[in-house]
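Here is the structure we will look at.
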Amino acid sequence: MQSSAVFLIEFGCLILGLGLLGRFAGRFRFSPIPLYLLAGLAFGEGGLLPLGASEDFVAVGAEIGVILLLLMLGLEYTATDLVSHLRTHYPAGLVDAVLNALPGAVLALLLGWGPVAAVVLAGVTWVSSSGVIAKILGDLGRLGNRETPAILSILVLEDLSMAVYLPIVTALLAGVSLAAGGVTLAIAVGVLTLVLVLAVRYGRLVSRFVSSDDPEKLLLVVLGVTLVVAGVAQQLQVSAAVGAFLVGIALSGEVAEGATSLLAPLRDLFAAVFFVFFGLHTDPASIPPVLLPALALAAVTTATKIATGYWAARRAGIGPRGRWRAGGTLVARGEFSIVIAGLAVTSGIEPSLGPLATAYVLILVLLGPLTARWTEPLATRLTARSRRRGVPAPPGAHEALDEDQDTVGRT
């Protein structure tokens, strides 16, 4: 009885605290993710007030949070959209992967962490935060801008790539043999291909089977199917998150819309718990030793993300101002980076990887909104200054001083 009371008090205070932090972040119009991570640091090992009775429940809630994050991500896309993006924009996806995964891998090797940690840190630095970026685009009124489809294409390709990357990381962290890892990857690619084919050809039938006019029944069926598929995927070492993502892709139309509205509050609750859980397993005292590498990595990958967005927007025929906006918008890292780092922390391959990932995400989730807002004006100002001094500007840069024709509505 006593332990149950302590659990309720601890968990209730945790949820209340997260709610207040979310309101604080909303008032100042920035992502609550860094605040949730800081809350985890405060209540975790070496923090101000370590949790005791509720830690096991938080661990389960964190796992559900990852599953719901990926399910909701899948619900945003149709299989047809994914196939179309893959065919049209795969060069931008390749450039994105090379420019942004490589710095993380190189740093891990320079620090002597080994090849497995290098693969993990490459994923941490590769993937932008879809949630944070969507919020930034909405806050800045750029959803109708001409460069926005190029930004979304990069995000879609990153999300789709995770369906292949996560099984690889899961197999590496599990220490399976090369043959077993190849089988796991083959299963993941095969399942992904099968789901895309079924969703394109029979998506309506799948959605009709799940569909219900009763919100309660729809919620229970979608959530139940997702957890079962996620569990089976994890049993096959494909990754529970990938299973949830594929369920989201398979659903479309009114079912996807209804499930999104019903699951959004649950997603927000358990996602917040997930970020807290990651912070709980990071000792605040372990962050200062990795702060300098985190800052260096953040500086390098900020530049590479801006270059990625610029190149992708240029390839799409967007003018210079839109290219700089696209690059600056892609800088933020968030949920996926923490998901990937969380897998490594759970496996215990490198004690410093979790603190480094925490510091890195904290830096870029705060820097992301600033680069989204100021990269284009700063680039335009520097270009104008170079013209006045007679310094040759990069090809096409002079166009940035012309009237901006890259937006539907001016921002």
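All residue numbers for the sequence shown refer to the working numbering, where the first residue is 11 and numbers rise by one. Glycine included, each C-beta is placed from N, C-alpha and C at the ideal position.
| Could you give the distance in angstroms between the alpha-carbon of ASP91 and the alpha-carbon of VAL199? | On the sequence shown, position 81 is the one that residue 91 refers to. On the sequence shown, position 189 is the one that residue 199 refers to. Between ASP91 and VAL199, the C-alpha separation is close to 18 Å.
| Cβ pair ALA342, GLY378 closer than 8 Å | As a position in the sequence shown, residue 342 is number 332, starting the count at 1. As a position in the sequence shown, residue 378 is number 368, starting the count at 1. Contact flag set, yes.
| request: Please go through the same chain and pick out, in chain order, the residues whose beta-carbon is closer than 6 Å to the beta-carbon of THR270, but skip the five residues on each side of it. | output: As a working note, residue 270 is residue 260 in the sequence shown. LEU85, listed in sequence order.
| Member of ILE316, GLY344 and ARG391 whose CA lies at the smallest distance from the CA of ILE161 | As a first step, residue 161 is located in the sequence shown; it is residue number 151 there, counting from the start. Here the closest residue by C-alpha is ILE316.
| field | Element boundaries [alpha helix (DSSP H), containing PHE425] | value | Outside the modelled stretch of the chain, which goes from 11 to 421, sits residue 425, for which no answer is possible.
| request: Identify whether HIS99 lies in helix, strand or coil by the three-state DSSP scheme. | output: On the sequence shown, residue 99 is found 89 positions in, with the first residue counted as 1. In this structure, HIS99 counts as helix in the three-state DSSP scheme.
| In chain order, what residues of the same chain lie with their CB nearer than 6 Å to the CB of GLY32, ignoring the 5 residues before and after it? | Translated into positions along the sequence shown, residue 32 becomes position 22. Within the same chain, GLY32 has close Cβ partners PRO42.
| request: For LEU83, I'd like the list of residues in its chain whose CB is within less than 8 Å of its CB, leaving aside the five on either flank, ordered along the chain. | output: Counting from 1 along the sequence shown, the entry for residue 83 is found at position 73. SER140, ASP169, PHE255 and GLY258.
| field | GLU386 burial status per 10 Å Cβ neighbour count (16 or more: buried) | value | Numbered from 1 along the sequence shown, position 376 holds the residue referred to as residue 386. Buried: at least 16 other Cβ atoms inside 10 Å.
| query | Going by the beta-carbon positions, is the gap between GLU157 and GLY332 smaller than 8 Å? | reply | Taking the sequence shown and counting its residues from 1, the one referred to as residue 157 is at position 147. Taking the sequence shown and counting its residues from 1, the one referred to as residue 332 is at position 322. Cβ atoms of GLU157 and GLY332: closer than 8 Å.
| request: For ASP412, count neighbouring Cβ atoms within 10 angstroms of its own Cβ and tell me buried if that reaches 16, exposed if not. | output: As a first step, residue 412 is located in the sequence shown; it is residue number 402 there, counting from the start. Confidence at ASP412 is low in this model, with a pLDDT of 40, below 50, so the placement of that residue should be treated as unreliable; the coordinate-derived value is given next. Label assigned to ASP412: exposed.
| Candidates LEU117, VAL231 and GLY338: closest to THR318 by CA position | Numbered from 1 along the sequence shown, position 308 holds the residue referred to as residue 318. Nearest option by C-alpha distance: GLY338.
| task | Buried or exposed for ASP106, please, with buried defined as at least 16 other CB atoms from any protein chain shown within 10 angstroms of its CB. | result | Along the sequence shown, one-based indexing puts residue 106 at 96. With 16 or more other Cβ atoms within 10 Å, it is buried.
| message | So, at 8 Å on beta carbons, what are the nonlocal neighbours of PRO159 in its own chain, with the 5 sequence-adjacent residues on each side left out? | response | Position 149 of the sequence shown holds residue 159. Excluding positions up to five away in sequence, the list reads ALA326.
| task | Assuming ARG383 and LEU150 form a contact by the criterion Cβ under 8 Å, report the distance between their Cβ atoms to the nearest whole angstrom. | result | Reading the sequence shown from its first residue, position 373 is the one you call residue 383. Reading the sequence shown from its first residue, position 140 is the one you call residue 150. Correct: roughly 7 Å between the Cβ atoms.
| task | Compute the beta-carbon to beta-carbon distance between LEU79 and ARG335, rounded to the nearest angstrom, for a pair I have assumed lies under 8 Å. | result | Taking the sequence shown and counting its residues from 1, the one referred to as residue 79 is at position 69. Taking the sequence shown and counting its residues from 1, the one referred to as residue 335 is at position 325. 26 Å between Cβ atoms; not a contact.
| request: Take VAL375 as the anchor and find which of PRO361, GLY352, ILE348 and GLY358 has the nearest alpha-carbon. | output: Position 365 of the sequence shown holds residue 375. That would be ILE348, whose Cα lies nearest to the Cα of VAL375.
| message | Does chain D have any CB closer than 8 Å to the CB of ARG397? | response | Here there is only one protein chain, and chain D is not present.
| task | Find out if the Cβ-Cβ distance for the pair ALA240, GLY253 is shorter than 8 Å. | result | Counted from its first residue, the sequence shown places residue 240 at position 230. Counted from its first residue, the sequence shown places residue 253 at position 243. Their beta carbons are under 8 Å apart, which means ALA240 touches GLY253 by this criterion.
| request: Report the rounded CA-to-CA distance for GLY154 versus LEU273, giving the unit in angstroms. | output: On the sequence shown, position 144 is the one that residue 154 refers to. On the sequence shown, position 263 is the one that residue 273 refers to. About 26 Å.
| message | For LEU215 and LEU228, what's the separation of their Cα atoms in angstroms? | response | Mapped onto the sequence shown, residue 215 falls at position 205. Mapped onto the sequence shown, residue 228 falls at position 218. Cα-Cα distance, rounded: 15 Å.
| said: At the level of alpha carbons, what is the spacing between LEU305 and ALA196? | reply: Locating residue 305 in the sequence shown gives position 295, counting from the first residue. Locating residue 196 in the sequence shown gives position 186, counting from the first residue. Answer to the nearest angstrom: the Cα atoms are 37 Å apart.
| message | Buried or exposed for LEU24, going by 16 or more other Cβ atoms inside 10 Å? | response | Residue mapping note: residue 24 aligns to position 14 of the sequence shown, counting from 1. Buried is the call here.
| query | For VAL341, which of helix, strand or coil comes out of DSSP? | reply | The residue given as residue 341 occupies position 331 in the sequence shown. If DSSP states are grouped into helix, strand and coil, VAL341 belongs with coil.
| Applying the criterion that 16 or more other CB atoms from any shown protein chain within 10 Å of the CB defines a buried residue, is PHE346 buried or exposed? | Within the sequence shown, residue 346 is the residue found at index 336, counting from 1. Buried, since its Cβ has 16 or more Cβ neighbours within 10 Å.
| task | Buried or exposed for LEU230, please, with buried defined as at least 16 other CB atoms from any protein chain shown within 10 angstroms of its CB. | result | What you label residue 230 is simply residue 220 of the sequence shown in a count that begins at 1. Exposed.
| Short Cβ contact (8 Å threshold) for VAL310 with PRO177 | Translated into the one-based positions of the sequence shown, residue 310 becomes position 300. Translated into the one-based positions of the sequence shown, residue 177 becomes position 167. The answer is no: Cβ separation not under 8 Å.
| query | In chain order, what residues of the same chain lie with their CB nearer than 8 Å to the CB of ALA69, ignoring the 5 residues before and after it? | reply | Residue numbering aside, residue 69 sits at position 59 when the sequence shown is read from its first letter. Excluding residues within five positions, the ones whose Cβ falls inside 8 Å are PHE287.
| said: Suppose you measure from the CA of THR314 to the CA of PRO330; what does that come to, to the nearest Å? | reply: In the sequence shown, the residue the question calls residue 314 occupies position 304. In the sequence shown, the residue the question calls residue 330 occupies position 320. The alpha-carbon atoms of THR314 and PRO330 are separated by roughly 17 Å.
| query | Helix, strand or coil: how does DSSP classify LEU246 here? | reply | Taking the sequence shown and counting its residues from 1, one reaches residue 246 at position 236. In the structure shown, LEU246 sits in coil (DSSP, three-state: anything other than H, G, I, E or B).
| task | Identify whether SER222 lies in helix, strand or coil by the three-state DSSP scheme. | result | Stepping through the sequence shown from its first residue, residue 222 is reached at position 212. It is coil, neither helix nor strand.
| said: Quick check on ALA295: buried or exposed, where buried means 16 or more other Cβ atoms within 10 Å of its Cβ? | reply: Counting from one through the sequence shown, the residue named residue 295 turns up at place 285. Exposed.
| said: Please tell me whether SER138 and LEU340 are closer than 8 Å, where the distance is taken between their beta carbons. | reply: Reading the sequence shown from its first residue, position 128 is the one you call residue 138. Reading the sequence shown from its first residue, position 330 is the one you call residue 340. The answer is yes: Cβ separation under 8 Å.
| Among the residues of its own chain, which have a CB less than 8 Å from the CB of PHE67, if the five just before and after it don't count? | In the sequence shown, the residue the question calls residue 67 occupies position 57. If we look at PHE67 and ignore the five residues flanking it on each side, its Cβ neighbours are PHE17 and PHE21.
| query | Can ALA111 and LEU119 be called in contact, C-beta distance under 8 Å? | reply | Counting from one through the sequence shown, the residue named residue 111 turns up at place 101. Counting from one through the sequence shown, the residue named residue 119 turns up at place 109. Taking 8 Å as the Cβ cut-off, ALA111 and LEU119 do not qualify as a contacting pair.
| query | Measuring CA to CA, which of ILE19, ILE143 and ILE164 is closest to TYR320? | reply | Residue 320 sits at position 310 when you count from the first residue of the sequence shown. Comparing Cα positions, the closest option is ILE164.
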